[in-house]
Amino acid sequence: MKFLKILLPVSLIAGLTAGVFYLKQQEQGSAVEIEGIAACNGRLEMKRVDVASLYAGRVDTVAVDRGQQVHKGDVLAVLSSSVTEAQVKSVTAQKKRALETISKIDSRLRQADEEIRLAAIELNDAQNLRRDSLISQTELERRMTALSTRKESKEVLLKEKQEALYETGRIDALLEEAKSRNDDMTVRAPFDGVVEYRLAEPGNVVGAGGRVVSMLDPTDVTLDVFLPTSEAARVKVGDEARIAIDGIDTVIPAKVDYVADDAQFTPKYVETREERAKLLFKVTLRIPEEITRTNYRMLKGGMPSVGYVNYAGAPWPDYLSVKNGMTEIKNGRDESAAAAHTVPDTAGTENQ
Numbered sequence: 001m002k003f004l005k006i007l008l009p010v011s012l013i014a015g016l017t018a019g020v021f022y023l024k025q026q027e028q029g030s031a032v033e034i035e036g037i038a039a040c041n042g043r044l045e046m047k048r049v050d051v052a053s054l055y056a057g058r059v060d061t062v063a064v065d066r067g068q069q070v071h072k073g074d075v076l077a078v079l080s081s082s083v084t085e086a087q088v089k090s091v092t093a094q095k096k097r098a099l100e101t102i103s104k105i106d107s108r109l110r111q112a113d114e115e116i117r118l119a120a121i122e123l124n125d126a127q128n129l130r131r132d133s134l135i136s137q138t139e140l141e142r143r144m145t146a147l148s149t150r151k152e153s154k155e156v157l158l159k160e161k162q163e164a165l166y167e168t169g170r171i172d173a174l175l176e177e178a179k180s181r182n183d184d185m186t187v188r189a190p191f192d193g194v195v196e197y198r199l200a201e202p203g204n205v206v207g208a209g210g211r212v213v214s215m216l217d218p219t220d221v222t223l224d225v226f227l228p229t230s231e232a233a234r235v236k237v238g239d240e241a242r243i244a245i246d247g248i249d250t251v252i253p254a255k256v257d258y259v260a261d262d263a264q265f266t267p268k269y270v271e272t273r274e275e276r277a278k279l280l281f282k283v284t285l286r287i288p289e290e291i292t293r294t295n296y297r298m299l300k301g302g303m304p305s306v307g308y309v310n311y312a313g314a315p316w317p318d319y320l321s322v323k324n325g326m327t328e329i330k331n332g333r334d335e336s337a338a339a340a341h342t343v344p345d346t347a348g349t350e351n352q
């Protein structure tokens, strides 16, 4: 009897503890079945881009470190290549020779113009002398031939100059291409983002298309959830969704961005082995860019979350109302954007 008196309070305490734990799990965003709303856990994903070198070369410097924030156009790495540098020097020398050729032709054209002027004067004098029968017809024709020959010589020079100008234009195009190839040995950030990994180090030789740095786009954040046929069949692209991030009292609005055509086995992070054994349809939820852009410090790839898809237009329960549980960042905060979406630019000190 004394044993039962001790056992009953212990059982009561254990039951209350389990109940409190269950309610706490509900508050923290565990997937709960709601009529008209599908739920599944997953992990946030950021768009990953491997930034590569357009041409082969040796890595001279890598200007960024893992986790560093960069802006579009920032230098990520600098490569060197004797081939591209030699091309620039070679084409530059070709252009110099072409310009010298044009300069020489211009000088010869000035000389030809002077010769034509003198030949015209001599012809005019010969015509006057011929009228007075002071020179023969043969001498007059010789002067006429001399003027015609000088004019023909000038036409040849003009054609040579035109060809030289065409050649200069071709060389300019080659020089621009060579300089562009040389400039492309400097690898730059294609967008504002965060460096995930350094994939090459100084001294490494990479081929054309070789990856140098891996970047994450913090404005492109999605969550993949996996739903059974009964729910996935009713989900449409554009349906409203909510994302509850584990450990943060935050519910973020989202939209259905993609619904898979074929069912598949779910990944390992789905909670139970029974769920992983099922063939389910992948549905991608995308967080609006205006929210990710003002919360890029807080939203991180791999954060465990629960995604809720409202495929029936059902009213959202109170605990899935959009709310913010992140700590505000004062510096550079966009007040208007934060107010519009109730999720201001933040950084969680416990999660950094």
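Taking UniProt numbering, the leading residue of the sequence shown gets 1, the next gets one more, and so forth.
Ideal Cβ placement from N, Cα and C applies to all residues, glycine included.
Computed from a predicted model, the values in this text were never measured in an experiment.
- The C-alpha of I243 is placed about 10 Å away from the C-alpha of P304.
- For S80, the three-state secondary structure derived from DSSP is strand.
- The DSSP-derived three-state label of R297 is coil.
- Counting the other CB atoms within 10 Å of its CB gives D224 a total of 16 or more, which places it among the buried residues.
- In the DSSP assignment, the residues bridged to A52 are R211.
- If the five residues before and after T145 are omitted, its C-beta is found closer than 6 Å to no C-beta atom of its own chain.
- For Y166, the enclosing alpha helix (DSSP H) has its first and last residue at 137-183.
- One thing to note: Y258 has its Cβ within 8 Å of the Cβ of V237.
- For A254, there is no enclosing alpha helix (DSSP H); the residue is part of the beta strand (DSSP E) that begins and ends at 251-265.
- The secondary-structure analysis by DSSP pairs P202 with nothing; it has no beta-bridge partner.
- When DSSP states are grouped into helix, strand and coil, S321 belongs to the coil group.
- Contact check for A263 and F281: beta-carbon distance about 5 Å, within the 8 Å limit, so the pair qualifies.
- Taking all protein chains shown into account, A200 has 16 or more neighbouring C-beta atoms within 10 Å of its C-beta and is therefore buried.
- Taking C-beta separations shorter than 6 Å and ignoring five residues to either side along the sequence, the partners of A119 in its chain run A146, L147, R150, following chain order.
- Rounded to whole angstroms, R58 and D50 show a C-alpha spacing of 18 Å.
- When S321, A52, Q87 are compared, the shortest CA-CA separation from S180 is found for Q87.
- Residue pairing for T284: DSSP places it in a beta bridge opposite D224, Y258.
- Between I116 and R142, the alpha-carbon positions lie close to 14 Å from each other.
- Spatial neighbours of I245 in its own chain (CB-CB distance under 6 Å, excluding positions within 5 residues in sequence) are listed in chain order as M303, S305.
- In the three-state reduction of the DSSP assignment, I245 falls in the strand class.
- Here A56 is actually not in contact with A260; their C-beta atoms are around 38 Å apart, not less than 8 Å.
- M215 has its alpha-carbon roughly 9 Å from the corresponding atom of R198.
- A residue is called buried when at least 16 other Cβ atoms come within 10 angstroms of its Cβ; T294 meets this threshold and is buried.
- Beta-bridge partners of Y197 (DSSP): S214.
- In the DSSP assignment, S230 falls outside any beta strand (DSSP E) and lies within the alpha helix (DSSP H) extending over 229-232.
- Here DSSP, grouped into helix, strand and coil, assigns D239 to coil.
- Contact between Y311 and G36 holds, since their C-beta atoms are separated by about 7 Å, short of 8 Å.
- In the DSSP secondary-structure assignment, N124 is not bridged to any residue.
- For D60, the uninterrupted beta strand (DSSP E) segment begins and ends at 57-62.
- S305: member of the beta strand (DSSP E) spanning 304-310, first to last residue.
- A contact between stretches requires three or more CB pairs, one per stretch, nearer than 8 Å, and the stretch 156-163 fails this requirement with the stretch 66-85.
- Per DSSP, the continuous beta strand (DSSP E) segment holding R188 begins and ends at 186-188.
- Only exposed fits E289, as fewer than 16 other CB atoms lie within 10 angstroms of its CB.
- In the three-state reduction of the DSSP assignment, A112 falls in the helix class.
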